[in-house]
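Following: one structure in structure tokens, then a few remarks.
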Amino acid sequence: MKINLSNIKKAKNLLFNSECIAIPTETVYGLAGNAYSDKACKKIFTLKKRPKNNPLIVHYHKFQDLKKDCSFNKNFIKLYKKFCPGPITFILDLKKNSKISKFVTNKKKTLAVRFPKHPITRNLLKRLNFPLAAPSANLSKRVSAVCSSHVKDDFGKKIKYILEGGKSSIGLESTIIDLRTKPKILRLGGLDFSAIQRVLNQKVKIQNNPSKISAPGQFKLHYSPGIPIKLNIRKVKDDEAYILIREKKIKKSNYYFLSRKGDLKEAAKNLYSTLRKIKKNKHLSISVSKIPNKGLGKTINDRLIRASKF
Ligand code: AMP
Ligand code: MG
Numbered sequence: 000m001k002i003n004l005s006n007i008k009k010a011k012n013l014l015f016n017s018e019c020i021a022i023p024t025e026t027v028y029g030l031a032g033n034a035y036s037d038k039a040c041k042k043i044f045t046l047k048k049r050p051k052n053n054p055l056i057v058h059y060h061k062f063q064d065l066k067k068d069c070s071f072n073k074n075f076i077k078l079y080k081k082f083c084p085g086p087i088t089f090i091l092d093l094k095k096n097s098k099i100s101k102f103v104t105n106k107k108k109t110l111a112v113r114f115p116k117h118p119i120t121r122n123l124l125k126r127l128n129f130p131l132a133a134p135s136a137n138l139s140k141r142v143s144a145v146c147s148s149h150v151k152d153d154f155g156k157k158i159k160y161i162l163e164g165g166k167s168s169i170g171l172e173s174t175i176i177d178l179r180t181k182p183k184i185l186r187l188g189g190l191d192f193s194a195i196q197r198v199l200n201q202k203v204k205i206q207n208n209p210s211k212i213s214a215p216g217q218f219k220l221h222y223s224p225g226i227p228i229k230l231n232i233r234k235v236k237d238d239e240a241y242i243l244i245r246e247k248k249i250k251k252s253n254y255y256f257l258s259r260k261g262d263l264k265e266a267a268k269n270l271y272s273t274l275r276k277i278k279k280n281k282h283l284s285i286s287v288s289k290i291p292n293k294g295l296g297k298t299i300n301d302r303l304i305r306a307s308k309f
């Protein structure tokens, strides 16, 4: 996608004035504000109707920019070299003299950081002298936005500007890993955690059990399209929407295919737009056929299970 400098300058000016704007990333669109500004960070929570105790991910251009805010270790450097910029978020210790707004962390002593890959957002980040706090650009507990039109559907005129960046190439939120002690995954995401295990050369525990919540992406109800969802379904009624991983010859108006040939990357990219489309088409419920529980399929299943707690 071509980079339009006048759009980036407009985004930059709004951010310098503590406004919130939507930015494209390869995972999902973000609702971004200056992470050093209390005013900007407060606005993010109000716009999203997000509970104050759900901390934000802070986005940086590169690792040198992070030095004043966080301390890091060898595991961080290994993963950074291999996967950044990309769909991985690190939980690190926040430095005492960091200027990160207290609203970002809800006074926690840790910070979630990410280096997004989308070229437009990287270009923007390079021009700023502050990092961007940016949760997903959707209303709290609802399906994330993977296109600018989804952001418009959720926020309408309440949002000052949407930096156009096309459809997000991954379409699932980042994988969150806590690196402060023994590495553990807090949220499955767009980077397959087995690739992380290979780089760290160790088994990494997945701790996304809601009874031990440290990342509310682990809350039970999340990612909800606002109608009931049932999983692992083989037969559906005509008035229900039916999501299938792979295209079938029989095409019915209530059938929605996530990919042509059962490819999990393609399915991940189409998941949230399909859920949003089904809601727009006014189906009253959704049934989903079995999705293979491997690689990105694990993340897709994680999101659908949480969305089904409606
Ligand atoms: P989103 O709002 O979709 O960007 O999700 C951000 C996720 O990162 C949420 O699940 C947060 O709870 C999680 N998160 C942000 N900061 C921290 C932190 N310091 N420790 C643990 N999880 C965090
Ligand atoms: Mg979110």
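For the sequence shown, the tail end lands on 309 under numbering that gives the first Met the number 0, and the numbers increase by one without skipping. Here a beta-carbon is modelled for each residue, glycine too, at the ideal position from N, C-alpha and C. In this text, all values refer to a predicted model and were calculated from it rather than measured experimentally.
For Ile-205, the CB contacts under 8 Å within the same chain, skipping 5 residues up- and downstream, are Lys-183, Ile-184, Leu-187 and Phe-192 in chain order.
Sequence-distant Cβ neighbours of Gly-261 in its own chain, meaning closer than 6 Å and more than five residues away, are Ile-244 and Arg-245. For the options Gln-63, Pro-86, Lys-80 and Asn-122, the alpha carbon positioned closest to that of Ala-10 is the one of Asn-122. Setting aside the 5 residues that flank it on each side, Ile-249 has no residue in the same chain whose C-beta is closer than 6 Å to its C-beta. Two segments are said to touch when three or more pairs of C-beta atoms, one from each, lie closer than 8 Å; by this definition the stretch 103-120 does not touch the stretch 219-234. Of the heavy atoms belonging to the ligand AMP, at least one sits nearer than 7 Å to the Cβ of Asn-53. Residue pairing from DSSP places Asn-33 in a beta bridge opposite Leu-131. Taking the C-beta atoms as reference points, Lys-125 is found no nearer than 8 Å to Pro-54.
Under DSSP, the beta-bridge partners assigned to Thr-88 are Arg-113 and Ile-175. As DSSP reads the structure, Ala-240 sits in a beta bridge with Ile-285. For Ile-304, the enclosing alpha helix (DSSP H) starts and ends at 295-306. Relative to the ligand AMP, the nearest heavy atom lies less than 7 Å away from the CB of Thr-104.
When the five nearest sequence neighbours on each side are left out, the beta carbons in the same chain lying within less than 8 Å of the beta carbon of Asn-74 are those of Leu-178, Pro-182 and Leu-199, in order along the chain. Rounded to whole angstroms, Asn-96 and Cys-40 show a C-alpha spacing of 18 Å. For Tyr-255, the enclosing beta strand (DSSP E) begins and ends at 254-256. Its Cα nearest to that of Leu-13, the residue Ala-31 stands out among Asn-3, Asp-152, Ser-168 and Ala-31. Counting only residues of its own chain and dropping the five nearest sequence neighbours on each side, Ser-272 has a CB closer than 7 Å to the CB of Val-145 and Cys-146.
Per DSSP, Lys-11 is one residue of the alpha helix (DSSP H) stretching across 4-15. For Arg-121, the three-state secondary structure derived from DSSP is helix.
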